[in-house]
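Everything below concerns the one structure shown next.
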Amino acid sequence: KRVILTGASSGIGWYLASELVRAGAMVVVTARRDERLQNLRRSFGNPQKRLIALPGDITQAGHRQRLIETTVDELGGIDIIINNAGIGAIGSFEDATPQRLRRVFEVDFFAAAELTRLALPHLRRGNQPAVCVVSSVLGHRAVPGKSEYCAAKFALRGWAESLRVELQPSGIDVLTISPSTTRSEFFGSLIDTAGAIVRRPNFFSQSPERVSHSIFRALKGRKRELILSPGGKALVWLSQVAPQLMDRLLLRYGLPAAC
């Protein structure tokens, strides 16, 4: 398989890139931190094009175009695109800047949508092609203090649902992954969070290795959508059957540790 993977410098992306390469895929990875990508590449020795690192800012149109062109030139086409890059923000919406909202949407939604748009003509010629979108359980149920992040993940999931039906006649699968809180560097890259209480990953959080393996298996099994943790599934279920109760619980206790 010929794969594009964004957000590969740490966490889920790092481990997913490793698993894909070990399984024989050829992967073009991107993220802003060049040193991290080079470390990832060197961890495989000399994989003979199994892993190509292309550092850059996925929100920039020029970098997205280079990513597509490099993949097609080096690998001969695209079979899978995995939109994993993301950032978050925590704090009151009223007290936040307009820039925070726009930055979260640029990374979490617009970059994924526009990169996929560029990839679609190549995916149509791919081998069992697929678009994978890494969303969140907070794309099913919004919580206070994360309004921008929740909104972007809702947008991402809604876009993916529409795209899934649009692309069915072309044989392109669309997979949406909704992890819960994951132990990664994500919480160290939150933007504009001054004064906000940041809940760090804990015992109940998922490991990035486990999440990445779930994504890998879902891609192999050509799944449609996955909510990855029991706590996340419970959050979504209760929000559907008793939304007012969930509002009260979130207001009083915040997001449960298992979600």
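Count along the sequence shown from 1, then add 5; that gives the number in the numbering used here. Here a beta-carbon is modelled for each residue, glycine too, at the ideal position from N, C-alpha and C.
Taking a contact as a CB-CB distance under 8 Å, the pair A94 and E153 counts as one, their CB atoms being some 5 Å apart. If you draw a straight line from the Cα of T76 to the Cα of I9, it is about 7 Å long. If you compare the alpha carbons of S185, D78, S212 and K6 with that of I87, the shortest gap goes to K6.
Within the region 46-119, the complete alpha helix (DSSP H) segments at least 4 residues long are 66-80 and 103-110, listed from N- to C-terminus. Taking one beta carbon from each stretch, the region 17-32 and the region 215-233 have 3 or more pairs nearer than 8 Å; the two touch. Judged by beta-carbon spacing, D84 lies within the 8 Å limit of P134, meaning their Cβ atoms are closer than that value. In the three-state scheme derived from DSSP, where H, G and I count as helix and E and B as strand, A156 is classed as helix.
With a threshold of 16 other beta carbon atoms within 10 Å, A247 falls short and is exposed.
DSSP places R7 in the uninterrupted beta strand (DSSP E) bounded by R7 to T11.
Here the alpha carbons of A147 and G259 stand approximately 11 Å from one another.
Within the same chain, and ignoring the five residues on either side of L128 in sequence, the residues whose Cβ sits closer than 6 Å to its Cβ are I83, P134 and I177.
Taking a cut-off of 8 Å on C-beta distances, the region 34-45 does not touch the region 236-256, as fewer than three cross pairs fall below it. Membership of I17 in any beta strand (DSSP E) is not indicated; the residue belongs instead to the alpha helix (DSSP H) covering G16 to R27.
A165 counts as buried, since no fewer than 16 other beta carbons sit within 10 angstroms of its beta carbon.
DSSP places I232 inside the beta strand (DSSP E), whose first and last residues are E230 to I232. Within 10 angstroms of the beta-carbon of P103 lie fewer than 16 other beta-carbons, which makes it exposed.
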